[in-house]
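One structure below.
Protein chains: 2
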Amino acid sequence: MHSPEMILALDFGGTKLSASLVNSENLKQWLRKARVSATSDARSNIEAMCRLARQALGGRIPNAIGVSFGGPVDFSARRVLLSHHVPGWENFPLGDVLQAEFHAPVIIENDANAAALGEWRFGAGKGCSSLLYVTVSTGVGGGWVLDGKIFRGANGLAGEIGHMVIQPEGPVCSCGKRGCVEALASGLSIARDAREMLAVEPHEGMPLRQLTPDPSALTAEAVSRAAQAGDQLAQKVLQKAASALGCGIGAALALINPQRVVIGGGVSKSGEVYWRALQDTVHTLVLPGVRVDLVPAALSDDAPLWGAAALALNLSGSV
Amino acid sequence: MHSPEMILALDFGGTKLSASLVNSENLKQWLRKARVSATSDARSNIEAMCRLARQALGGRIPNAIGVSFGGPVDFSARRVLLSHHVPGWENFPLGDVLQAEFHAPVIIENDANAAALGEWRFGAGKGCSSLLYVTVSTGVGGGWVLDGKIFRGANGLAGEIGHMVIQPEGPVCSCGKRGCVEALASGLSIARDAREMLAVEPHEGMPLRQLTPDPSALTAEAVSRAAQAGDQLAQKVLQKAASALGCGIGAALALINPQRVVIGGGVSKSGEVYWRALQDTVHTLVLPGVRVDLVPAALSDDAPLWGAAALALNLSGSV
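These protein sequences, in sequence, are chains A and B. 0 is the number of the first residue of the first sequence in numbering that gives the first Met the number 0; add one for each residue after it. 0 is the number of the first residue of the second sequence in numbering that gives the first Met the number 0; add one for each residue after it.
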């Protein structure tokens, strides 16, 4: 038996900062939660996060702090390696800084891994012995949880399904390679494909054109809304992206045969046309005998924050 | 402390049956080893294997028996599911039969998983915390070893890199799908591609034509020999197969980021042209930060047998 612990969970997202407090004896809901928009440099984001954290703590001392960061981290050194969105994070000792500020042990993880653990512990992957989590939003990230632990791999880069190459001659990816899952299935690539199709098919995509008259302002969300309103061009674009994601997931099923695959991120909310194409592709690609259990995420944007809480719970010794 | 144990290792290969005995206190070499050609039905293979085993035992009682089988098995039920080469193995209780015959506990594994464990414990993967093993011969198989244990996945089908689809419109695979790694990189596909190229390029591939005047008798081994003798057509065929294998391995590195990849099987002995194409492809496909450690297998045809011994050692409690 041990006394309840106060777990502070922090999420440094690309656009939002969140801080939450949870009691280890009642993990069903946050005691307090605070959120603000992210700013454009690392230093001011850290200051804003510390204010949020103090607000969430309300004078209490946390027993452990879990941090999800939207970018690559060095888990064992508790450092941020860099952010693709915000300058100033290069090789930043975030663990040390937070520990000095709040006098509690700190654990740091990238957001896809944290979200994977969050979904495993509190969301759509509860109780699975092996879980692959894939998040599809601006980019495509992933993480996998094996026997309740994040599987990081030899260089901390396991689960990078977004950078699995599925079309070697395909479009250039943010990582510089060609034909990664991310270059074909991300929100940015959905917007790009829709723009290209609108340009070559002047008589199609009317609902999409009405939603976004300026093609340069087109987003994956608009494509998804148009598709759900029956726009066939938008549906084709989504189906193509879903098939590309399905190829990556099919490869993952062949290699790691996880018990369940959980799909999160904004693009995963693109409706039935998207999910049908995804399921169809995956079923076409797997060996007989591999059970396909592909479900939507349950925790939405809070998955990394819940994952950060789960990491901190492990750190503090609470179960 | 415990007394030395006698470990019997059996390998039911597609073309050969092998039985070996090893002493748990001297794992460097077999005490005895016997091998015969496989026959064409399950029953007579089992009888031949029991004779071999008695020969290897020389009157001793084994403490544990490890079995590698060339085809899918149900690990926990200790049953063979089927053989792709030999009739009569369908849902066969091989574990029970051998246990009744030799009065020792039996553990059964498919050959790719057994070979992966063999290379991890005794061969090119010694000491690796995570190892992906790939065997390229008639087909393409794989297995991976995580913290010293075979990772089987939710349905016992993890590590099936041969049936990862990398070219959805590609040639039909033995499994019925299209564009699997096996359909593009196996020995059979190398022979098929060479035959096709010889047919469309009547003035190329002279060394290969001399080695195998009858195209229908062409093998991957002949292609490899011709390539090593400088035949450019044969080299192109091998490079294409190596690139396809490299695509599968690149995807595996993105997903599981293993510490090392060990490549075995007859095709992996195809020489420098093959290995260079394989290494080049893999290096092109991985994210910066992922260390590529790709090495040839060390145990050759004995890998499954050593893996069977390692399984039996775990079973008997010897380390």
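No residue lacks a Cβ here, since even glycine has one placed at the ideal position from N, Cα and C. What you are looking at is a predicted structure, and each value in this text was computed from that prediction instead of being measured.
Spell out the partners DSSP gives residue i in its beta bridges.
i	result
D10(A)	S17(A), S67(A)
V72(B)	V79(B)
V164(B)	C179(B)
L131(B)	W143(B), V260(B)
F91(A)	V79(A)
M5(B)	N22(B)
K32(A)	S19(A)
K148(B)	L145(B)
E108(A)	S67(A)
V171(A)	R177(A)
P295(A)	I262(A)
To the nearest angstrom, how far is it from the Cα of residue i to the Cα of residue j?
i	j	result
V199(A)	A37(A)	38 Å
V291(B)	C174(A)	17 Å
G140(A)	C246(B)	20 Å
A114(B)	P287(B)	30 Å
K15(B)	E46(B)	14 Å
F91(A)	V72(A)	9 Å
E24(B)	M5(B)	9 Å
A193(A)	G204(A)	9 Å
R224(A)	L93(A)	39 Å
A190(A)	L310(B)	51 Å
S128(B)	G70(A)	25 Å
L284(A)	R259(A)	16 Å
R77(A)	L298(A)	25 Å
I149(B)	G126(B)	14 Å
G87(A)	V144(A)	30 Å
Q28(B)	V105(B)	21 Å
M0(B)	R59(A)	Confidence at M0(B) is low in this model, with a pLDDT of 46, below 50, so the placement of that residue should be treated as unreliable; the coordinate-derived value is given next. Each residue's alpha carbon lies about 53 Å from the other.
N62(B)	L314(B)	9 Å
I248(B)	P257(B)	10 Å
D300(B)	D40(B)	22 Å
L312(B)	E195(B)	47 Å
L232(B)	P170(B)	20 Å
G13(B)	V289(B)	36 Å
A253(A)	L26(A)	35 Å
List the residues of chain B that residue i touches, going by C-beta distances under 8 Å, in chain order.
i	result
P170(A)	Neighbours of P170(A) on chain B: none; closest Cβ ~15 Å, over 8 Å.
E89(A)	Within chain B, no residue comes near E89(A); the closest Cβ sits about 15 Å away, beyond 8 Å.
Using the beta-carbon of each residue, which ones in chain A are nearer than 7 Å to residue i?
i	result
H162(B)	A253, L286
V289(B)	N154, L156
G249(B)	V164
Starting from the Cα of residue i, find the closest Cα among the options and give me that residue.
i	options	result
I107(A)	S67(A), L145(A), F101(A), S136(A)	S67(A)
I64(A)	V35(A), A99(A), V294(A), A47(A)	A99(A)
I255(B)	R275(A), M163(A), E24(A), V289(A)	M163(A)
V261(B)	A52(B), Q54(B), L131(B)	L131(B)
A226(B)	A216(B), T211(B), P206(B)	P206(B)
L20(A)	A8(A), G13(A), K27(A)	A8(A)
T186(B)	G58(B), A228(B), Y273(B), D213(B)	Per the sequence shown, the amino acid found at residue 186(B) is Gly instead of Thr. Per the Cα distances, Y273(B).
C172(B)	G138(B), G142(B), A157(B)	G138(B)
A221(A)	K268(A), I248(A), G169(A), A253(A)	K268(A)
M48(A)	F74(A), S17(A), P61(A), L30(A)	S17(A)
L56(B)	S43(B), V35(B), R31(B), E168(B)	R31(B)
S341(B)	G265(B), A276(B), L293(B)	Only positions 0 to 318 of chain B appear in this structure, which leaves residue 341(B) out of reach.
S188(A)	E168(A), V289(A), K239(A)	K239(A)
N44(A)	H84(A), N22(A), S75(A), L26(A)	H84(A)
L51(A)	A184(A), N154(A), D10(A)	D10(A)
S75(B)	G270(B), G152(B), A251(B), R53(B)	G152(B)
Give the interface partners of residue i over in chain A, defined as CB-CB distance under 9 Å, in chain order.
i	result
C174(B)	L286, P287
E108(B)	Chain A residues near E108(B): none, gap ~15 Å exceeds 9 Å.
E203(B)	Near E203(B) there are no residues of chain A at all, since even the closest Cβ is about 25 Å away, more than 9 Å.
Taking Cβ-Cβ distances shorter than 7 Å, what residues in chain B pair up with residue i?
i	result
Q258(A)	A153
List the residues of chain A whose Cβ lies closer than 8 Å to the Cβ of residue i, in chain order.
i	result
S75(B)	Ordered by position in chain A, no residue passes the 8 Å Cβ test against S75(B), which lies about 14 Å from the chain.
S129(B)	G152, A153
E181(B)	None at all; the shortest Cβ gap to chain A is about 11 Å.
E46(B)	Within 8 Å Cβ-Cβ: nothing; E46(B) doesn't reach chain A, min ~30 Å.
E319(B)	Since the first residue shown for chain B is 0 and the last is 318, residue 319(B) is missing from the structure and cannot be characterised.
E100(B)	Ordered by position in chain A, no residue passes the 8 Å Cβ test against E100(B), which lies about 29 Å from the chain.
E118(B)	Within 8 Å Cβ-Cβ: nothing; E118(B) doesn't reach chain A, min ~16 Å.
Since residue i meets chain B, which of its residues come closer than 9 Å, beta carbon to beta carbon?
i	result
C246(A)	V164, I165, P167
Task: Three CB pairs or more closer than 8 Å across the region 263 to 280 of chain B and the region 239 to 254 of chain B - done: Counting C-beta pairs closer than 8 Å gives three or more between the region 263 to 280 of chain B and the region 239 to 254 of chain B, which meets the contact rule.
Open item on the list: Could you check whether the region 305 to 317 of chain A touches the region 114 to 134 of chain A, counting it as contact only if at least three pairs of C-beta atoms, one from each stretch, sit closer than 8 Å?
Closed with: Because the criterion of three Cβ pairs below 8 Å is met, the region 305 to 317 of chain A and the region 114 to 134 of chain A touch.
Open item on the list: Counting beta carbon pairs with one atom in the region 153 to 163 of chain A and one in the region 171 to 190 of chain A, are three or more of them shorter than 8 Å?
Closed with: The region 171 to 190 of chain A makes contact with the region 153 to 163 of chain A, as at least three CB pairs between them are under 8 Å.
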